[in-house]
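Going by our numbering, the first residue of the sequence shown is number -8, and it counts up by one from there.
For glycine and all other residues, C-beta sits at the position ideal for the given N, C-alpha and C.
Working notes for the structure below.
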Amino acid sequence: MLSAVEIRIPKYPECWSSCGNCANGDIIVQSVLIAAGDRVARDDTLIVLETGKVALDIPSPYEGVITEVRVGEYQSVNEGDVIALIERD
């Protein structure tokens, strides 16, 4: 049996702190597009984040089966937080 790997919110772009327009306020999970048991391909969108200025699609870095989702809609999140666990192919 394969062990699950954490999928985390990736590092924000460099412009995030230099410009500051997107980084004002909380970052909220607008949509969760996955559930436990879902098979995802690399680059499939897992969640959508809302910053108040822009929506960010967060893609899967791996192909595999989602074993656990650790975020919910309208939850405040930060860079590096765990989105889900996946058993990689």
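Legend entry - Element boundaries [beta strand (DSSP E), containing Thr58]: Looking up residue 58 in the sequence shown gives position 67. Taken as a continuous stretch (DSSP letters only), the beta strand (DSSP E) holding Thr58 covers Gly55 to Val60.
Inset, instruction - Have a look at Ser51, Val45 and Gly16 and flag the residue whose alpha-carbon is nearest the alpha-carbon of Arg33. - result: As a working mapping, residue 33 is identified with position 42 in the sequence shown. Considering only alpha carbons, the answer is Ser51.
Legend entry - Buried or exposed (CB count within 10 angstroms, at least 16 for buried), Val45: Looking up residue 45 in the sequence shown gives position 54. Exposed is the call here.
Legend entry - Bridge partners - Ser22, DSSP secondary structure assignment: To locate residue 22, count along the sequence shown from 1; it is residue 31. DSSP links Ser22 through a beta bridge to Val39.
Legend entry - C-beta atoms of Ile77 and Gly55 nearer than 9 Å: As a position in the sequence shown, residue 77 is number 86, starting the count at 1. As a position in the sequence shown, residue 55 is number 64, starting the count at 1. Gly55 is positioned such that its CB atom lies closer than 9 Å to that of Ile77.
Legend entry - Segment limits, beta strand (DSSP E) that includes Val(-4): Here the question's residue -4 lines up with position 5 in the sequence shown. Val(-4) to Arg(-1) is the span of the beta strand (DSSP E), which, as asked, contains Val(-4).
Legend entry - Helix, strand or coil at Arg30 [DSSP, three-state]: Indexing the sequence shown from 1 puts residue 30 at position 39. It is a strand residue.
Legend entry - Burial state of Leu(-7) (16 or more Cβ within 10 Å): Numbered from its first residue, the sequence shown carries residue -7 at position 2. With fewer than 16 other Cβ atoms within 10 Å, it is exposed.
Legend entry - Alpha-carbon to alpha-carbon, Asp29 and Gln66: Taking the first residue of the sequence shown as 1, we reach residue 66 at position 75. Taking the first residue of the sequence shown as 1, we reach residue 29 at position 38. Between Gln66 and Asp29, the C-alpha separation is close to 21 Å.
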